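In this text, residue positions in the sequence shown follow the UniProt record's numbering: the first is 1, and each later residue adds one.
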Amino acid sequence: MQNQHPADVILRSSEKESFYSWKIFLSMSSPVFSDMFTLPQPDTVNEEDVCDDEQVPVIDLEEDSRTLGHILSLCHPPSCVGTRFQLNSLPELRNVLDATEKYDMGNALRMALEELSNPSLLRDDSLGIYALACQHACHEAARLAAKHTLTLPCLVPQYVPALERIHAGHLCRLFLYREACATAVCSLAADHTWVVYTQYTSLFRCDQSETDDKLEWTAVRNPPSRKYPDGRVEHVSVHKWWMEYMKRSEYALQRWPHSDAVKDDRLVDDALHAISTLKCEGCQAFQVSQTFQSFMRIFAEKIDRCIAEVEIVLGF
Ligand SMILES: [Zn+2]
Numbered sequence: 001m002q003n004q005h006p007a008d009v010i011l012r013s014s015e016k017e018s019f020y021s022w023k024i025f026l027s028m029s030s031p032v033f034s035d036m037f038t039l040p041q042p043d044t045v046n047e048e049d050v051c052d053d054e055q056v057p058v059i060d061l062e063e064d065s066r067t068l069g070h071i072l073s074l075c076h077p078p079s080c081v082g083t084r085f086q087l088n089s090l091p092e093l094r095n096v097l098d099a100t101e102k103y104d105m106g107n108a109l110r111m112a113l114e115e116l117s118n119p120s121l122l123r124d125d126s127l128g129i130y131a132l133a134c135q136h137a138c139h140e141a142a143r144l145a146a147k148h149t150l151t152l153p154c155l156v157p158q159y160v161p162a163l164e165r166i167h168a169g170h171l172c173r174l175f176l177y178r179e180a181c182a183t184a185v186c187s188l189a190a191d192h193t194w195v196v197y198t199q200y201t202s203l204f205r206c207d208q209s210e211t212d213d214k215l216e217w218t219a220v221r222n223p224p225s226r227k228y229p230d231g232r233v234e235h236v237s238v239h240k241w242w243m244e245y246m247k248r249s250e251y252a253l254q255r256w257p258h259s260d261a262v263k264d265d266r267l268v269d270d271a272l273h274a275i276s277t278l279k280c281e282g283c284q285a286f287q288v289s290q291t292f293q294s295f296m297r298i299f300a301e302k303i304d305r306c307i308a309e310v311e312i313v314l315g316f
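Structure below.
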């Protein structure tokens, strides 16, 4: 961040790194700095710290170099500081938000808050982003981060630093949202009447005897017809392994309401193994396995659509 242009103030980080700056930009960005430059500040602008060569006052700040670099890049024209605001981690964002709030840098704070939607930060720590979004009452960012927390197989498996910053009410709302998502998607695994069974003929209506212990029955849907525009519900026979897969999916979705839960290796491998050992005549393992995988894709998409309809209730 240091540059060769004549500067009229030096900000020094907690590591004693000097950042050359201009009072005009700092004053325009922050009433706190503006006051500091207009009022005598014996504690912050120390005569002993004034550089002899350049007669530039030095202000020692509590922020570390990285944070100081970020907030200066937010309140100076890029041509002055030579760097663009770019965050690498959630702790960096947290420090920048704290500092911009502390110095009352309204515009810089707004620009930093846009980083709450940064995809890589959301991927790395969605709970941490949710906590920050709630802290700053950013509704859309909190909603997006809450949705991202569903990619976690368990919301809070152990202590995480984000918990220090999150209000119990906001955490409770996140648990309630997860529960609402689980209720919505579990019904897809328990009630099969959304499945238009003719799209997956090799999974249903196996022509083995009804007394065969490898067969079960379930209610699925016929394709829409003139008489039944929504498709009529029909009971059909289905392989036992498919029912087992759906039951285990339901159990998994209760804890982890996300499409990845039904694509879990153990679940899928067990189903594929059962398919490979099918004994019934007329059911070809290869075809059944292809149909199952296509069903699984549609099932996962249905789960994603179902979750997209669930809205978190935020208290702001
Ligand atoms: Zn069969």
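C-beta atoms are modelled at their ideal positions from N, C-alpha and C, and glycine is treated no differently. None of the values given here were measured: they were computed from a predicted structure.
query = Relative to ligand 1, is the shortest distance from any of its heavy atoms to the C-beta of C206 smaller than 7 Å?
reply = Translated into the one-based positions of the sequence shown, residue 206 becomes position 206. Yes - ligand 1 has a heavy atom lying nearer than 7 Å to the Cβ of C206.
request  = Pick out the complete beta strand (DSSP E) segments inside the region 229-282, 3 residues or longer, and give them in chain order.
outcome  = 233-239
ask   = Out of curiosity, what's the CA-to-CA distance linking F175 and A168?
value = Counting from 1 along the sequence shown, the entry for residue 175 is found at position 175. Counting from 1 along the sequence shown, the entry for residue 168 is found at position 168. About 11 Å.
ask   = Exposed or buried, N95, counting other C-beta atoms within 10 Å across all chains shown (16 or more means buried)?
value = In the sequence shown, counting from the first residue as 1, residue 95 sits at position 95. Around the beta-carbon of N95, 16 or more other beta-carbon atoms lie within 10 Å, marking it buried.
inquiry  = Looking only at its chain, what residues have a beta carbon closer than 8 Å to the beta carbon of V56, apart from the 5 residues adjacent to it on each side?
reply    = By 1-based counting over the sequence shown, the position of residue 56 is 56. The answer, listed in chain order, is A7, D8, V9, I10, Y20, V50.
message = Since L90 and L121 should fall inside the 8 Å C-beta cutoff, what is the C-beta to C-beta distance between them, to a whole number of angstroms?
response = Against the sequence shown, residue 90 aligns to sequence position 90. Against the sequence shown, residue 121 aligns to sequence position 121. So it is a contact: roughly 6 Å between Cβ atoms.
Segments of 4+ residues assigned as alpha helix (DSSP H) that fall wholly inside the region 156-225 = Here the runs fully enclosed are 162-165, 168-190.
task = Compute the distance between the beta-carbons of A271 and Y245, then report whether it is under 8 Å.
result = To locate residue 271, count along the sequence shown from 1; it is residue 271. To locate residue 245, count along the sequence shown from 1; it is residue 245. Cβ atoms of A271 and Y245: closer than 8 Å.
request  = Taking V32 as part of the alpha helix (DSSP H), name the residues at either end of that continuous run.
outcome  = Residue numbering aside, residue 32 sits at position 32 when the sequence shown is read from its first letter. For V32, the uninterrupted alpha helix (DSSP H) run begins and ends at 31-38, by DSSP.
ask   = Alpha carbon to alpha carbon, how far is E92 from E63?
value = Start at 1 with the first residue of the sequence shown, and residue 92 comes out as number 92. Start at 1 with the first residue of the sequence shown, and residue 63 comes out as number 63. The straight-line gap from Cα to Cα measures roughly 11 Å.
message = I'd like the list of long-range same chain contacts for G315, defined as Cβ closer than 8 Å, with 5 residues on each side in sequence excluded.
response = The sequence position of residue 315 within the sequence shown is 315, counting from 1. Hits under 8 Å: G169, H170, R173.
ask   = Could you check where the beta strand (DSSP E) with L11 kicks off and where it finishes?
value = Here residue 11 refers to the residue found at position 11 when the sequence shown is read from its first residue. That run of the beta strand (DSSP E) goes 9-12.
task = Work out the CA separation of T291 and H239 for me, nearest whole Å.
result = The count along the sequence shown starts at 1 and reaches residue 239 at position 239. The count along the sequence shown starts at 1 and reaches residue 291 at position 291. Within the model, the alpha-carbon separation for H239 versus T291 is close to 13 Å.
task = Just mark C206 as buried or exposed, buried being the case when its beta carbon has 16 or more other beta carbons within 10 Å.
result = Working through the sequence shown from its first residue, we reach residue 206 at position 206. The residue is buried, with at least 16 neighbouring Cβ atoms inside 10 Å.
key: 7 Å Cβ shell around W242 - same chain, five flanking residues per side excluded   = Taking the sequence shown and counting its residues from 1, the one referred to as residue 242 is at position 242. Closer than 7 Å at Cβ, skipping near neighbours: L203.
key: Residue environment, F286, which counts as buried when at least 16 other CB atoms sit within 10 Å   = In the sequence shown, the residue the question calls residue 286 occupies position 286. It is exposed - the Cβ of F286 has fewer than 16 other Cβ atoms within 10 Å.
message = Once DSSP output is grouped into helix, strand and coil, what is the label at D60?
response = Your numbering for residue 60 matches position 60 in the sequence shown. The answer is strand: DSSP assigns D60 an E or B state.
ask   = Where are the alpha helix (DSSP H) runs, 4 residues long or more, that stay fully inside the region 111-145, in chain order?
value = 119-124, 126-135
request  = With DSSP as the reference, label S79 as helix, strand or coil.
outcome  = As a position in the sequence shown, residue 79 is number 79, starting the count at 1. Helix, per DSSP.
request  = Please classify S225: is it buried, with 16 or more other beta-carbons within 10 angstroms of its beta-carbon, or exposed?
outcome  = Against the sequence shown, residue 225 aligns to sequence position 225. Burial call: exposed.
message = Are there any heavy atoms of ligand 1 lying less than 7 Å away from the beta-carbon of L272, as far as the coordinates show?
response = The residue labelled residue 272 in the question sits at position 272 within the sequence shown. The answer is no for L272.
task = Throw me the rounded Cβ distance for the I275 and S289 pair, which I believe falls under 8 Å.
result = Taking the sequence shown and counting its residues from 1, the one referred to as residue 275 is at position 275. Taking the sequence shown and counting its residues from 1, the one referred to as residue 289 is at position 289. At roughly 5 Å, the Cβ-Cβ gap stays under 8 Å, so I275 and S289 are in contact.
request  = Take R232 and list the residues in its own chain whose beta-carbon comes closer than 8 Å to its own, dropping the five residues that flank it on each side.
outcome  = Looking up residue 232 in the sequence shown gives position 232. Within the same chain, R232 has close Cβ partners R221, N222, S225.
request  = Counting only the same chain and skipping the five closest in sequence on each side, list residues whose C-beta sits under 7 Å from that of H148.
outcome  = In the sequence shown, counting from the first residue as 1, residue 148 sits at position 148. Cβ within range, chain order: L122, S126.
query = If we count the other Cβ atoms within 10 Å of its Cβ and call it buried at 16 or more, is L39 buried or exposed?
reply = As a position in the sequence shown, residue 39 is number 39, starting the count at 1. The residue is exposed, with fewer than 16 neighbouring Cβ atoms inside 10 Å.
query = How many angstroms separate the CA atom of A133 from the CA atom of T100?
reply = Translated into positions along the sequence shown, residue 133 becomes position 133. Translated into positions along the sequence shown, residue 100 becomes position 100. Taking the straight line from one Cα to the other gives about 15 Å.
ask   = Rounded to the nearest angstrom, how far is the Cβ of C181 from that of V313, given a contact under 8 Å?
value = The count along the sequence shown starts at 1 and reaches residue 181 at position 181. The count along the sequence shown starts at 1 and reaches residue 313 at position 313. Not a contact, Cβ separation roughly 12 Å.
key: Whether V32 touches D104 by CB criterion (8 Å)   = Looking up residue 32 in the sequence shown gives position 32. Looking up residue 104 in the sequence shown gives position 104. In this structure, V32 sits near D104, with a CB-CB distance shorter than 8 Å.
inquiry  = Given 7 Å as the limit, tell me if H167 has its C-beta closer than that to any heavy atom belonging to ligand 1.
reply    = Taking the first residue of the sequence shown as 1, we reach residue 167 at position 167. No, the Cβ of H167 stays beyond 7 Å of every heavy atom of ligand 1.
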